[in-house]
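Novice: Sharing a structure here in structure tokens format.
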Amino acid sequence: MRFPVIVCPWLKVNGMAVFPFILVSSKQQKEDASLILHEKIHLYQQLELLIFPFYLLYLLNYLVNYTRYKKRYNAYMNIVFEKEAYANDNNPDYLSKRKIWAFLSYL
464 MRFPVIVCPW LKVNGMAVFP FILVSSKQQK EDASLILHEK IHLYQQLELL
514 IFPFYLLYLL NYLVNYTRYK KRYNAYMNIV FEKEAYANDN NPDYLSKRKI
564 WAFLSYL
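So this is what it looks like as structure tokens:
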């Protein structure tokens with residue numbers, strides 16, 4: 464599946480998936496295969512959860528993690544959706560072999 468990649472210089476993070484777009488903060492990041500794959504994994508997760516529930520679950524998972532770890536970075540890195548994306552963003556074949564709801568194996 465192809466998703467438009469849009470450069471947003473005002474973006475405070477390297478990349479972000481907002482269905483159906485991948486937003487990146489610079490032209491260089493537009494060419495970063497690992498970053499683009501990471502965001503594509505999020506887009507697949509969003510599709511599986513019918514988009515809006517993904518954002519709700521993402522936020523809830525972050526808030527639960529924040530109460531557990533007390534640090535924003537640790538809360539973010541332990542979001543189930545991020546765990547799947549980071550674990551597989553260097554595997555170019557991942558999306559072609561990914562099973563539906565694969566993020567559940569990272570709970």
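In terms of the working numbering, the sequence shown is numbered consecutively and its last residue is 570. Backbone N, C-alpha and C fix where the C-beta goes; we use that ideal spot for every residue, glycine too. This one's a predicted model, so the numbers in the text were calculated from it and none came from an experiment.
1. Tell me which residues share the same chain as F466 and place their Cβ nearer than 7 Å to its Cβ, disregarding the 5 neighbours each side in the sequence.
2. Do L500 and N551 count as a contact pair if the criterion is CB distance below 9 Å?
3. Can you tell me which residues form a DSSP beta bridge with L486?
4. My understanding is that S497 touches L474, with C-beta atoms under 8 Å, so please give their C-beta distance in whole angstroms.
5. Looking only at its own chain, which residues have a Cβ that is under 6 Å from the Cβ of A538, when we skip the five neighbours before and after it?
6. Taking the continuous alpha helix (DSSP H) assigned at R531, which residues delimit it?
7. CB E511 to CB I563, shorter than 9 Å?
8. Does the beta carbon of S488 sit closer than 9 Å to a beta carbon anywhere in chain C?
9. Taking C-alpha atoms, which residue in R535, Y536, A565 lies nearest to A548?
Specialist: From the atom records:
1. P483, F484, I485, K503, L506
2. yes
3. I469, M479
4. Not quite, the Cβ-Cβ distance comes to about 17 Å (not below 8 Å), so this is no contact.
5. Y525, N528, Y529, Y532
6. 515-532
7. yes
8. Checking the listed chains, one finds no chain C in this structure; it contains a single protein chain.
9. A565
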